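Structure, as structure tokens:
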Amino acid sequence: MGIGGSDMYRQQILDHYKNPRNYGEIEDPTFTHIGENPMCGDEIRMDVVLDESEETIERVAFQGDGCAISQASASMLSQELAGMAVEDLQAMDRDDITDMLGVDISPMRVKCAVLAEKVAQDGAEIYFGEKDIDRTTTEDDD
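Residue numbers (the UniProt record's numbering): 1 to 142.
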């Protein structure tokens, strides 16, 4: 799987992979965005609902297909994002994701781990007119 760390965290990742939280779609989300990791074949779609002020994330749902790391990361992130300020989402980086996962991620798996974060961030930037892309990809990510 390309991860190292305690059995507890590995079990948590497997649990989120086998029993993903917030899996599905949201009717009438504030924004929806899709991204992919072409190296691994992961794909994730995130639906996000913002509060009336458009400053706080109220709900998140995701759909996707891919490796255990990408899907578990999306599941765990969907729980973390509910109630989070949009500016805190934008400030997240790969360290936040690896800390959330609780395991050491091999360099080959980092793109799998951060895909959901990148999709949510890009979706927000597109919604607020800060970015103009059709689809997120981790292809050029270092």
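Here a beta-carbon is modelled for each residue, glycine too, at the ideal position from N, C-alpha and C.
None of the values given here were measured: they were computed from a predicted structure.
Can you tell me which of the three DSSP states residue i falls into?
i    : result
A61  : strand
M92  : coil
D122 : helix
D99  : helix
A113 : helix
E52  : coil
D7   : helix
E87  : helix
E80  : helix
D15  : helix
I69  : helix
How many Å lie between residue i and residue j at the Cα?
i           : j    : result
E54         : G35  : 22 Å
D134        : E87  : 22 Å
A91         : P38  : 25 Å
F31         : P107 : 30 Å
Y9          : K131 : 35 Å
Q63         : Y23  : 6 Å
N19         : S78  : 13 Å
residue 143 : E117 : The question about residue 143 has no answer here: the residues shown for the chain are numbered 1 through 142.
Q11         : M100 : 14 Å
Would you verify that the beta carbon of residue i is, or is not, closer than 8 Å to some beta carbon of chain B?
i   : result
M39 : The structure shown contains no chain B; it holds only a single protein chain.
Figure out for me which residue from the options has the closest Cα to the Cα of residue i.
i    : options        : result
M46  : P107, S73, R10 : S73
A120 : E52, A85, D99  : A85
E25  : I44, G102, D96 : I44
P29  : D51, H16, E117 : D51
Could you tell me whether any non-hydrogen atom of the ligand NAD is closer than 7 Å to the CB of residue i?
i   : result
M76 : In terms of ligand content, the structure shown is empty, and the ligand NAD therefore cannot be addressed.
Quiz item: Looking at C-beta atoms only, is the number of pairs between the stretch 60-71 and the stretch 106-119 that lie closer than 8 Å three or more?
Solution: With contact defined as three or more Cβ pairs closer than 8 Å, the stretch 60-71 and the stretch 106-119 are in contact.
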